[in-house]
Amino acid sequence: MKRIMKRAFKLIVLSIILAITHNIVIFSQAPDESYFEKNLPGQHHQLLHKFKGLWKMNFGILAGEESIYGSGIAENLIINTGRHIQMNLNFNAKGEQIKGLIIIGYNGFTEKYYFFGIDQISTPATYCEGYYNESTKQLIFEGENKEIDKDNPIHFKIVFSFVRDDKITYDRYSTINGKEVKTFECSLVRN
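Right, here's the structure in full:
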């Protein structure tokens, strides 16, 4: 038994040494000090804290007479030492419970925010990049949907407006036949 314990201890120590050596090699190859700074949470990540907490949601999927309205809860958590906000969405639309997940972060290298969203009603993920407009207090993302027609992608825009400390609106627009149309609206009120 002692022999097994000694061997296990040696393996653990060796693993730790290898992990430390790996990090030293990786960081020694970094181009300069700014490389490290761009990997750390900074002032741009502070915006993500505005999403934190439990929120009541009222939303509409806008399609003229076929529009669908519903409500739900968003539980938003700061994750990865302040680098991301994880939005856990649970909502009811036409009597069906639906879950969704949104991750928003800031990339210090591209100097852009990014949005990644998935839900249980569709298979493609939504990914787009954007910026924060200080004067309008809006986080604006833009991307393209290529799932419907790869040759003619649909341009879309997602806009989070920080109305008050306890209210955020989330709107989505699509450009259809050259015209920007609102396709989704959501009001988040802090619970």
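Counting from 1427, one number per residue, gives the positions in the sequence shown under our numbering. Beta carbons: idealized from backbone N, C-alpha and C, even for Gly.
Coil, strand or helix - E1463 by DSSP: Residue state, collapsed to three classes: helix.
Would you kindly check if the distance between the Cβ of F1485 and the Cβ of E1606 is under 8 angstroms? The Cβ atoms of E1606 and F1485 do not sit closer than 8 angstroms to each other.
V1589 classed as buried or exposed, judged by whether at least 16 other C-beta atoms fall within 10 angstroms: Exposed, since its Cβ has fewer than 16 Cβ neighbours within 10 Å.
How many whole angstroms separate the CB atoms of Y1532 and E1555, which I take to be in contact at a CB cut-off of 8 angstroms? The Cβ separation is near 10 angstroms, so there is no contact.
Kindly indicate which residue of N1516, I1584, P1579, L1614 has the alpha-carbon position closest to the one of I1602. Of all alpha-carbon atoms in N1516, I1584, P1579, L1614, the one lying nearest the alpha-carbon of I1602 is that of P1579.
For the beta strand (DSSP E) containing Q1546, list its first residue and its last residue. Q1546: not part of any beta strand (DSSP E); DSSP gives it neither H nor E.
Under a three-way DSSP split, which group does K1476 fall into? DSSP places K1476 in the helix class (H, G or I) of the three-state scheme.
Give the range of the beta strand (DSSP E) segment to which E1522 is assigned. Segment 1522-1533, the beta strand (DSSP E) holding E1522.
Under the rule that 16 or more other beta-carbon atoms within 10 Å means buried, what is I1511, buried or exposed? It is buried - the Cβ of I1511 has at least 16 other Cβ atoms within 10 Å.
Quick check on T1447: does DSSP put it in helix, strand or coil? In the structure shown, T1447 sits in a helix (DSSP, three-state: H, G or I).
DSSP state of R1598 mapped onto helix, strand, coil: Residue state for R1598 is assigned as strand, using DSSP reduced to three classes.
According to DSSP, is I1494 helix, strand or coil? Residue state for I1494 is assigned as strand, using DSSP reduced to three classes.
Pick from F1586, K1608, Y1557 that is closest to H1470, judged by C-alpha positions: When only C-alpha atoms are compared, the closest one is Y1557.
Give the DSSP-derived three-state secondary structure of R1616 in the structure shown. Correct three-state label for R1616: strand.
Residues sharing a beta bridge with Q1564, DSSP: BP columns for Q1564 point to N1559, S1587.
Closest to V1615 by CA distance: which of K1476, K1464, I1442, Y1461 is it? Closest by alpha carbon: K1476.
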